[in-house]
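Numbering (mature numbering (1 follows the signal peptide of the UniProt record, and there is no 0)), first residue to last: -22 to -1, 1 to 346.
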Amino acid sequence: MIPLRAALMGLWLASSCLYANAQIKIGQTVGVTGAVAATVKEASLGAQLYLDAINAKGGIGGEKIELITLDDKFDTQLTLANAKDLIENKGVLALFMTRGTPHTEGIIPLLDKFGVPLLAPSTGAMVLHQPLKKHVFNVRATYQREAERAVAHLAATGVNRIAIIHVDDSFGADGLEGTQKGLAAAKLSAVAVAKFDRSKPDFSQIAPSISKLTPQAVMIIGSGTAVVDAIKALRDTGSTAQLVTLSNNASSGFVKLLGDQARGVIVSQVLPQSPNYAVVQEAASLAKAKDVLDVSPAMLEGFVSAKVLVEALRRAGPKPTRDKLQAALEGINRFDLGGLTLSFSTSDHTGLDFADLSIITAAGKFRR
């Protein structure tokens, strides 16, 4: 089996050659490096698996799809600069799979100004769902849905002392609201709520103060390396609490960063992992052809997002424009992704509502 890092590089290089004469340009600004790099690489691999398969068959109406990815290092200012470059200079038809709640919020005025659809932001922020954002089309469920599902599970298993640690930004506030809704539904209150700085996360004071309260579980709302640091800091205090985080960390790279601390961490999911779903089988088949034998949740999210993109491009017809793609997306109704059905309309840009939980096994795999 080819290691995931090698597979990613191989696909990246192969795609660069394949798309030399691409005709449909799709833009992406995302943290190829930085705090969320591990998950970003896997999501990008999943999307590229599907796009490569479509391009190998001639693309859409004879036009191949090029995904132009710029690294924003998970920095909101770079996200905005990259989006402007992609839209104004590179002339992309749409933006695709941005990452980060404040990052995506920051480019909405730009989308509206130029009439550019953004499909499948890799964030479940409620602010991107309600009120409706004209040019934002969500594929995955909301973070609040995930957080409520996680708390309901904990409460059902007798856990009633739950602490919350969240990043101090719009993503953290959104996840906090969902967690508190779940607690309220279970007639519980958090034993503690602590926040950390997104750019300079420091758990040297937070972890001991949380640990002293002996919570049975801690919900950690953050991204990538910050969550890893929080988990390690809590374990260093001797805390044995059940640790829970959201689907933005559902990647093999996240598990690798956790190392010995990975086992037993609960990670919510926005897509099924069971091979009983046709879309999971399809992704696994295309991955296996590239010698990638394990489809992580992050890869599957990228794969599903690419399927929706391709379907919208097909519906947009020959020589698609931004307006045609917008109309095509809003016309998708009960599209079968392979066991999951997705719909959009002019008044609803929420695609899927699937939410479930997984736990990281001793072998470093996500299992329901």
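Just so you know, even glycine gets a beta-carbon here, dropped at the ideal spot from N, CA and C.
Check                                                                                                                              : Outcome
Report the option in 315, 297 and 158 whose CA atom is closest to the CA atom of residue 2.                                        : 297
Does the region 132 to 144 come within contact of the region 197 to 208, defined as at least 3 CB pairs closer than 8 Å?           : yes
Whose C-alpha, out of 120, 303, 174 and 77, is nearest the C-alpha of residue 415?                                                 : In the structure as shown, the chain starts at -22 and stops at 346, and residue 415 therefore has no counterpart that could be examined.
On the three-pair Cβ rule with 8 Å, is the region 184 to 197 touching the region 210 to 230?                                       : yes
Since residue 336 is in the beta strand (DSSP E), which residue starts that stretch and which ends it?                             : 334 to 338
Three or more beta-carbon pairs under 8 Å between the region 121 to 134 and the region 155 to 164, yes or no?                      : yes
Look at the Cβ atom of residue 347, then the Cβ atom of residue 103, and state whether they are nearer than 9 Å.                   : Any answer about residue 347 is impossible in this case: the structure gives the chain only from -22 up to 346.
Can you tell me whether DSSP reads residue 57 as helix, strand or coil?                                                            : helix
Could you pull the DSSP bridge partners for residue 5 from this structure?                                                         : 46 and 73
Between the Cα of residue 359 and those of 47, 253, 309 and 337, spot the shortest distance and give me the residue it belongs to. : Since the first residue shown for the chain is -22 and the last is 346, residue 359 is missing from the structure and cannot be characterised.
Starting from the Cα of residue 190, find the closest Cα among 217, 173 and 43 and give me that residue.                           : 217
Have a look at the DSSP bridge pairing and note the partners of residue 354.                                                       : The chain is shown only over -22 to 346; residue 354 falls outside these bounds and no answer can be derived.
Give me the residue from 272, 276, 263 and 320 with the minimum Cα distance to residue 289.                                        : 320
Would you kindly check if the distance between the Cβ of residue 241 and the Cβ of residue 98 is under 9 Å?                        : no
Mind checking who residue 324 pairs with in its DSSP beta bridge?                                                                  : Its beta-bridge partners do not exist; DSSP assigns none.
Is it a yes or a no for the region 307 to 326 touching the region 240 to 255, going by three-plus beta-carbon pairs under 8 Å?     : yes
For residue 148 and residue 177, I'd like the C-alpha separation in whole angstroms.                                               : 13 Å
At which residues does the beta strand (DSSP E) containing residue 144 begin and terminate?                                        : 140 to 145
Just reading off the alpha helix (DSSP H) that residue 304 is part of, what are its end residues?                                  : 300 to 308
Anyone know if the C-beta pair for residue 48 and residue 6 falls short of 9 Å?                                                    : yes
To the nearest angstrom, how far is the alpha carbon of residue 86 from that of residue 175?                                       : 24 Å
Among 181, 106 and 194, which one has its Cα closest to the Cα of residue 384?                                                     : Residue 384 falls outside the range modelled here, since the chain spans only -22 to 346, and no answer is possible.
Checking the sheet assignment: what are the DSSP bridge partners for residue 174?                                                  : 145
Taking residue 284 as part of the alpha helix (DSSP H), name the residues at either end of that continuous run.                    : 275 to 294
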